Structure formats: C-alpha cells, structure tokens
Amino acid sequence: MLSDKGSIVTVSTIIQLNSGDTVDVFLNSTVDGKVESNHPEGVIRFEGARFPSPDK
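Using the numbering used here, the first residue of the sequence shown is number 8, and each one after it goes up by one.
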C-alpha cells in the first residue's frame with residue numbers, strides 16, 4: 008500500500024486453519040488518509056494457499 012508519503016506496508020503471517028474457518032482481512036491507520044487501489048505502483052492484495060495441496 009502506498010500512502011501520500013510513499014510509504015509501503017507489508018505484513019505476512021502463516022497460520023494453521025481448519026476446514027470451515029473464516030478469515031477476516033482488515034487494516035487500521037493512526038492517521039487520516041485513503042488507500043488508492045489504482046495507484047500505478049500500489050497494489051492491495053490478499054493471498055492464501057493450502058499446504059499440502061490435496062491430491063487430484
């Protein structure tokens with residue numbers, strides 16, 4: 008995420024989830040501002056993966 012000051016925020020964590028668990032993704036700031044998803048250098052995303060992957 009890029010702010011008007013050009014700050015970049017990155018957070019990463021690995022947690023064990025069970026089938027049916029709910030994941031909430033949110034952010035909170037201590038200063039007024041906005042998140043611009045159309046900024047040419049900024050991307051807002053959430054990623055998830057299953058390890059191990061199920062056999063097909």
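Note that CB positions come from ideal geometry on N, CA and C, so glycine has one too.
Since we're looking at a predicted model, the values are computed, not measured.
Beta-carbon gap between residue i and residue j smaller than 7 Å
i, j, result
"residue 38", "residue 53", "no"
Same chain, Cβ closer than 8 Å to residue i, neighbours up to 5 away in sequence not counted
i, result
"residue 24", "30"
"residue 20", "none"
Sequence-distant residues of its chain with Cβ nearer than 7 Å to residue i (five each side left out)
i, result
"residue 59", "none"
When the options are compared against residue i, the one with the closest alpha-carbon
i, options, result
"residue 17", "57, 56 and 34", "34"
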